[in-house]
Structure formats: structure tokens, C-alpha cells
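One structure is given here, and the rest of the page talks about it.
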Amino acid sequence: MFNVRTIIKVMGMSLYIEFAMLLIAAGVSAIYGENVNPFLTTSGITFVLGSMLYPVGADSEKRITRRDGYVIAFLSWFFISIVGMLPFLFSGVVKDVPSAFFETVSGFTTTGATLFTNIDKLPHGILFWRSLTQWVGGLGFICFMIALLPVFGVNGMQLFSAEAAGTTYEKLHPRISVTAKKIICIYFAITLLQVIFLCFGKMSLFDSVCTSMATLSTGGFLPHQAKIAYYHSRYLEYIIVVFMILGGTNISLLFFAVNGKVKKLLRDSEFRWYIRTLIIFTIIVFASLLMQDSSDVEKDFRYALFQVSSFLSSTGFTNTNYLNWPLLTWGILLIAMLCGACSGSPSGGIKCIRFNVAYKIFHNEFLHIFHPNAVLPVRVNDRVLPERMKTGILYFIVLYIVVICVGTLVLLTMNIGFTESLSMVISCIGNVGQAMGNVGQNGAWNNLPTAGKWVCSFLMLTGRLEIFPMILMFIPAFWKKN
Amino acid sequence: MKIIIGGAGAVGTHLAELLSRENQDIVIIDDDNNRLDPIRSHYDLMAVTGSPSSIEMLNEVGVSKADLFVAVTPDENRNLMACILASKLGVKKTLARIDNYEYLEPENAEFFKNLGVGSLIYPEMLAANEIASSIRMSWVRQWWKFGKNGELILIGAKIREKCELLNLPLREIKAEDPYHIVAIRRDNETIIPRGSDFVQLYDIVFFITTPEYIPYVRKIAGKEDYKDVHKLMIMGGSRIAMRTAQIVPDNLSVKIIEQDPIRCELLNQHVGKNTIIINGDARDISLLKEENIEDTDAFVATTGNSEANILACLNAKRLGINKTVAEVENLDYISMADSLDIGTIINKKKIAAAHIYQMLLDEDVTNVRSLTFSNADVVEYIAGENDAITKNVVKDLGLPVGVIIGGVIREGKGIIVNGNTQIIPGDDVVLFCVGQGQMLKKIDKFFK
């Protein structure tokens, strides 16, 4: 029923990509004169494993069904996370498997929730590895595979649509591999641009690279425990705000904007909704901060803007301790985590387009009360949405909320506080990485019990794969013939 | 090469599928998003919802940078309009699907060129040609011409008891014989034969030969006693049926059975004296008997319904007709119809798409797979200077198993290849292979 050999082959290929990543991290380790063995050992294991899996699918049938696509999306994320946690274990910075897995999944899914309470003391290689997992995870492995390994041909499309974050990459070129290459190029270019800007702000090169990789991917891992507050620099904070907002923008639209079609970006209804949400949330948070303490207006504005863009784009950076803020701001930040940014971007959450459509559907329902016979279309970018897509979007939002409820209940059984449980679940599934209440020391999540780490890792993967592929794995009908 | 296809109907979809496998950059435009959805998720191409005859749309998909624009919507006027617009917007070549024979007249070619419509195709006409030629050579299952003027011919014939090659190892066929067996289809499997293989009873054997030796192939295939067709019966008065009746020789008498009386009137205005139109249902056996089906030499089913065509042909076979031709538009039914022993199968989409393909091949000398038959691929390459293939005689080239060189076209003449043939630069080499993509890659190495 499943094209098992091709699935195994794709697993092998994703390991090759990870092998290349590990070598880069080993190189960074070597530059700083640290122990490169954890990376070299892991890359050795990855290469051997990849070379064992890859030939299995050598002559396999090239066709991949939708079902195969989902299995591949799920398994590849699972596999790379298993292998990706080895450097943490081998270097001894993490002692137990659940914590290492949590940290790695948090990296690849661009969540950015960390268990480390001593980040400033970690070796450079490990810090770099955490950021690199976020950078690659932001676009997804499949995008890199399609661009770098020319073996997919016809079926790349099927895979691309199964790995959820990629669902709405607009095709930039008739061929999928060229599209993937263009997306990676623009992604790389913007990251490089941020590195340059950060270096201007007197951030060290290493910090700039790590921060940039975690910003555009909307990740959240930083090389300092105090996060952005470490630098005490207004310039850096504003620069990072700009790139966080870019990280939440549809990459295809960024591509068009760079190629001179800025109008296409500015007229996009989702992008407008995203910016509008950003402005409104910032104003509310700014106002409540002013009410609490109006001694430094610029500082309040900066904090408000930074935190709102950080939560809305699902990055999860902090430049202050928002836990000391008024409770209203917590609510706004929670809603921002639920919303997320644009589809086709590395960000998490429900995504603006779905809220936009849901809003229009509700609006139409009210109109129906006054005009019972009216036929009211839902338009996105001047195109009328078909009925099936509308119900699909509502269905997704409902399912998202159901998963949050179930996840919260599960964490509550572990005697974690209510605020903590709810915010951690929303944060995990939205791939944000920050939570409210007392989750641990220094912004780490180290109060989580072992079972909680597994649950959170699972939720992060669920959010990254946009729920359906993950849920499908637990539906018996998916595994049955016919 | 960037190719824009307007219209995601049967022909457009099939063409897009073929071309996207060739790693061409394909953009397909259609008004109906529902038709594009399956294409979008299955093939590596860009599917855009919009009108193929809208200037804004054409600009949006970058028509000025495209090499070829193919308009294959159901409406010929729209196709012509779209081609005219596309060529004014800067596309290099255009091709329109039409329904009108007049436009194909050679004296009008210049007129259409000036308008911006480079080439025209008429799928029903192509299908009718195919039917007519398969009736002319009633002993042949499938045939295909290579080269501009058909210098090489591929013939597929079913082997029955009278074949001279039966149970003879292929290596015992003399090298200088003017034909070459390039593929054998046996129980749904296609093999590229080697010297030790045998031809068995009920195999379909594919011979490649030059036009002058067709009678010789007929003799050794044991098909000499096959009657030439004098009486033809066609079920369904479709456009293909009408075209077929028009192009078959006058000495052939044709009966077209059509259900719709109004359609019958119309058919009568277009066919010649050798054709009788009969109003009735061709699935009705008593009607067929009344019309003397036993005396008919060939039966062609071209209604719009593939299932009915297949069943009608089976029925005709049972009534003792040797040669049956069925139009099967449902691509998935083709292999099934093949195994049901219905002589020749006609598929408008495949014919049209293959024809467009062939046109691409004529334009561009890089490799293009020209057709697929029975799971085997046919590839044509032009041998260049210093290509590996020109370095040795064929038997010492070390071609991989599953690949065979059928023949070459050299200076406008077809040459049958045997082990001692030396390929020289400039030859148009026709190869056959099984094994899809990977095999093509292996072949590529010989042309570098």
C-alpha cells in the first residue's frame, strides 16, 4: 500500500542534508578550538545510516501518493530530530534523552523553547548547531531536498504539499526544484542582510550569525540567556523587529517584492491583515505599559513593539521580562501566539489568512440575517474562495483549538499550573517558545517533568506540520488498505 | 524550453504530463480551477487559473519569454485568437488546435503565419489518418513512422501459427535481413529481445524496417493471406468517422451506423458516394447482421463512449471480423483494451500529443522521447561529433540490457542497424528501451 522503498530513500536523503549541516557545525567547533568529536561522531552515524537507507530505494517506483507524502513528512521530521539530538548528548551538555529530544525538536520546528539555564557557558559549536537547526527547519527539510537533490522529478510537488508549512508557497517557476532554489536564495540573502546590519550594531560576528538564523526562521534560540536584553542596544532591537516581521511574511511575496513587484506584497490581503494585527496589538500593549509606568515612553513603545512582533511572528525573542507586565498584555500576547503570521512563511500559529477568511465568513453570516437570500462571496486577493476551502479553514481552526484543549488537559494532569499549561501548549503548537507564569528559571522551561517534555515535543511537531499530517498518523483508517 | 499550454482539456493535460517529464518548463492555463487541481498536485509544472486568450493573463505567465505557445481549448476560434495574441506579445512559436479542414490547406499556411499562428493541428484528422492507414495495412497492429518522410517504419504485428520466425532464436536471423526486431510484447510485458530470445505464438512483435520492405515483413510475419479491406463498417458518426470516410480510397465501401437521425443528415452532406449512412444502434446485433457484418472486412468503433467502443469491437471479433479498430479515449482503459485482443486502439489525445511532440523534435535536435508504446520508450537522438556512440560498431558499444538501436536515418535514407553497423556523426538514431527514466540516463551517456 505504501511506497516503502521510496519513503526509506527520502529518509536517507534527509539524513544526507543533516550530514552536511553537522559538518558545518563541526567546522564552527573547530574554529573555536572546541571538542569536535560530538559533531564528527554524529555526522559519521548520519552518513552511514543515510548510505544504508538511500540505496534501498534505488530502483523504486517514482510515484508518491498523498498518503506516502504524509508519512514522509511525519517520519522525516521525527528522524532528523532523533539524529539531531545526538550532539547534545555526546557533548554532555544534556544528560537525558527527553531533554535532548525536546531541545532538538524545539530547534527544527523553530519553536525556540529551551531547557538550558546556562546558555552563556555552552560551547560555540552547540550554540551554532541550535541556530542552524532553526534556520533549516524554518524552510523545512523537504524544500532543501528538492532544491539540492535532483531526484524527485514529478513527485516533488506531492511532497511539497504534504509538508504543511510549504502548502502555499506560490510557484515562482514552472519547475518545483527551481522554485525551491529561488526560495532558498531569497531566504539566504535576507539572513545575510541581517548579519550585516547586526554587525554594524557592534554585535560579534558569531552572535550575529546565530541571531540572524534564529530570526528569519522565526526560531528563537539565542546565544545568551538574557536573550536580546543582553545587548542593551536600541539599534539592534529595532533591526531585529524588522527582520522578525519579515520572517512572518510569505516568502514568495518577499521574492516578488525583491524582483520589483512590491505592489503584490502590499496588496496581499493576508499581509495587510498581518500588519494591521501587529499595529493594533502594539497599540494596546503600549497603552497598558504607559498606564503602568510612563517615565520612558520610547522604552515602553520599543518593548511593546518588540514583544508583539516576537509573539505574532512566533519567534519568541524577549528584550525585557514581560512577566512583570499587566495581565492584559499577557492576554494579548497569548492571542498573538494563536494568530501567527502569514502562510508560506516559517512562522507558526493558525496564520492570518485563516483568521481573515473566518472573519469574512462570520461577517457574511451576519449579513445573511438581514438579507436571507443574498449570495455572499468570500474574496481573498480578489478571488472568490470555493466552498470547500472555506469549510476546510473553519475545520482547521476548530481542530487547532481542540488540540490546545486536549494538550492543556494532559499538562494539567502533571500538576502544572493552569496559566503555565495553557500558555505552554499554545506556545508549542504555535512554535513560539515563550510562555506565561512560572515555567522555569531564566526563561528556560526546566520545570517541565519528563512526560511533559515528550508532550511538548509532540505538540511542537504537530504545530509545524499544521496538525493534519500528525493527526492522520493516529487515525486507523490511514493505515488500512482502501 | 518554456512552453505555455492554453486549455487543460484532454490533449492539454496529456501534453503537459509528457512534457513535464522531459524537464521542460511548463505553464498550463485554464479557466476552470477544478480541472487544474489534479494537474497541479501531480505534475511538476505551474498551473494558472485564467483565460488563455486574455492579454493580462498571457503577460502574467511571461509569454514574451516563452518558446512555444500551444492553444488546445475546445473552441478553435479561441485557440486562433490566443495564438495571435501570444505571438504579438512575443512568443517564438505558436500552435493552435482547430476543427476545420479548410485551415489546413497548404495555400492558407502563409496566411496563418502572417497572423501569428505558426502551426495548426486537427486531432480528429490525425486520428482519421491513423485509422485509414491501419485499415490499409490490416495485418498490422500498430505502426509508426520516423523521420520527416517516414524513412523508417515501426510495425507491430501479432504472431500467429504461420509466422516464419516462430520459435527461432533471434540470433539465427541473418544480419543482412532488411528488418530488425526491436521489442516483443508478451502477456502485458514488453521485452527488448536479445540474441537468445524466441518469438512465441501470440506475441506482438515490433519490427523496424524501411518502407520498401514492408511486404517482406508481411511475408515473414505470416500475414500474406490477410485479406485487403474492401468493406468497412464504422460505428458512430463522429467527426473522426466522417474524416475517415472522406480519406479512404474510393474503391472501399463504407457503412457508418449512427443513432441520431439529424446527425445522419449532416454526415450525408460531407461523405462521398462510396459511403452509406445507416440510422440505428450499432450495438444491436440483428441490425449488424442485416447490414451484412459477416461480409465486412474491418470494423471501426468511434463513438464518444470508450466502453461501448471496446465492447462493440469484441462483438465484431466474435462475428468473425479480422480487423477491428476502437477509439478509446480513457487512457486507463488502453492497456486493458490491448489485452482484450482488440486490434488497433486509437486515442485522439495520444495521437495529438505525440504529433506536437514530433514537431518539437523536428525543431530541436536534442533528445525528445517521441512516443511510448506498450511500456517501451522510443528515443531519437542526433549523433554528434565525438559522441561515444560513434566510437565503435554497434555490437562493441556495450549498450545496457534493455536498450536496442532500431535504425538510423542518414542523409534522408533509413538504414536498419545490425551488430556491424557503424554510427557516424549526424545520424538520426532511433532507440528503443524499457525501464523509463533511469534507462534514458544511461543512454544519454552514449551521446556525450
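Heads up: the protein sequence lines correspond to chains A and B, in order.
Here the working numbering is used: position 305 in the first sequence is 308, and no number is missing along the way.
Here the working numbering is used: position 388 in the second sequence is 1050, and no number is missing along the way.
Heads up, the beta-carbon is just placed ideally off N, CA and C, and yes, glycines get one too.
From a predicted model like this one, the values you see are computed outputs, not experimental measurements.
DSSP lists B:816 as the bridge partner or partners of residue 806 of chain B. Residue 322 of chain A sits in coil when the DSSP states are folded into three classes, being neither helix nor strand. Taking a 10 Å sphere around the C-beta of residue 374 of chain A, we find fewer than 16 other C-beta atoms and assign the residue as exposed. In this model, residue 693 of chain B and residue 387 of chain A are separated by some 14 Å (Cα to Cα). Under the 8 Å Cβ criterion, the stretch 314-328 of chain A counts as touching the stretch 336-353 of chain A, having at least three qualifying pairs. Shown in chain order are the members of the stretch 385-401 of chain A whose Cβ falls below 9 Å from a Cβ of chain B: 386, 389.
Using a 10 angstroms sphere on the CB of residue 391 of chain A, the tally of other CB atoms stays under 16, which defines it as exposed.
In terms of Cβ geometry, residue 884 of chain B and residue 826 of chain B form a close pair [threshold 8 Å]. Checking the DSSP bridge columns, you'll see residue 692 of chain B partnered with B:711. In the structure shown, the three-state DSSP call for residue 941 of chain B is strand. Separation of residue 738 of chain B and residue 259 of chain A (C-alpha to C-alpha, rounded to the nearest whole angstrom) is 35 Å.
Using a 10 angstroms sphere on the CB of residue 705 of chain B, the tally of other CB atoms reaches 16 or more, which defines it as buried. According to the DSSP secondary-structure assignment, residue 895 of chain B is paired through a beta bridge with B:917, B:961. Between residue 707 of chain B and residue 691 of chain B, the gap from beta carbon to beta carbon reaches 8 Å or more. Contact between the stretch 395-402 of chain A and the stretch 275-295 of chain A is not established, with fewer than three Cβ pairs separated by less than 8 Å. Leaving aside the five residues that flank residue 953 of chain B on each side, the residues in its chain whose CB is nearer than 8 Å to its CB run, in chain order, 895, 917, 919, 940. Within the same chain, 204 come within 7 Å of residue 236 of chain A by CB-CB distance, once the 5 residues on both sides are set aside. Counted as a single uninterrupted DSSP element, the stretch harbouring residue 35 of chain A is not any beta strand (DSSP E), since DSSP gives it neither H nor E. Residue contact with chain A for residue 707 of chain B: present (Cβ-Cβ distance below 8 Å to some residue of chain A).
From the beta-carbon of residue 687 of chain B, the residues of chain A found nearer than 9 Å are 176, 177, 178, 181. DSSP, read as helix, strand or coil, puts residue 869 of chain B in strand.
In the DSSP annotation of this structure, residue 860 of chain B is not part of any alpha helix (DSSP H), being labelled neither H nor E. If you draw a straight line from the Cα of residue 372 of chain A to the Cα of residue 365 of chain A, it comes to about 11 Å. In the DSSP annotation of this structure, residue 727 of chain B is not part of any beta strand (DSSP E), being labelled neither H nor E. The C-alpha of residue 426 of chain A lies about 10 Å from the C-alpha of residue 436 of chain A. Within the same chain, and ignoring the five residues on either side of residue 833 of chain B in sequence, the residues whose Cβ sits closer than 6 Å to its Cβ are 857.
Sequence-distant partners of residue 914 of chain B (beyond 5 residues in either direction) whose C-beta falls short of 7 Å from its own C-beta, in its chain, are 891, 892, 894, 936.
Residue 1071 of chain B counts as buried, since at least 16 other C-beta atoms from the protein chains shown sit within 10 angstroms of its C-beta.
Distance check between residue 1093 of chain B and each of B:864, B:814, B:831 places B:814 closest, using alpha-carbon atoms only.
Fewer than three pairs of CB atoms, one per stretch, sit closer than 8 Å, so the stretch 458-478 of chain A makes no contact with the stretch 673-692 of chain B. Beyond the five residues adjoining it in sequence on each side, residue 460 of chain A comes within less than 7 Å, by CB distance, of 104, 105, 108 in the same chain, given in chain order. In the DSSP assignment, the residues bridged to residue 845 of chain B are B:868. Pairwise C-beta distances place the stretch 742-759 of chain B in contact with the stretch 770-778 of chain B, as three or more of them are shorter than 8 Å. Per DSSP, the unbroken alpha helix (DSSP H) holding residue 465 of chain A starts and ends at 453-467. Unbroken alpha helix (DSSP H) runs of no fewer than 4 residues, entirely contained in the stretch 275-362 of chain A, are found at 300-315, 330-342, following chain order.
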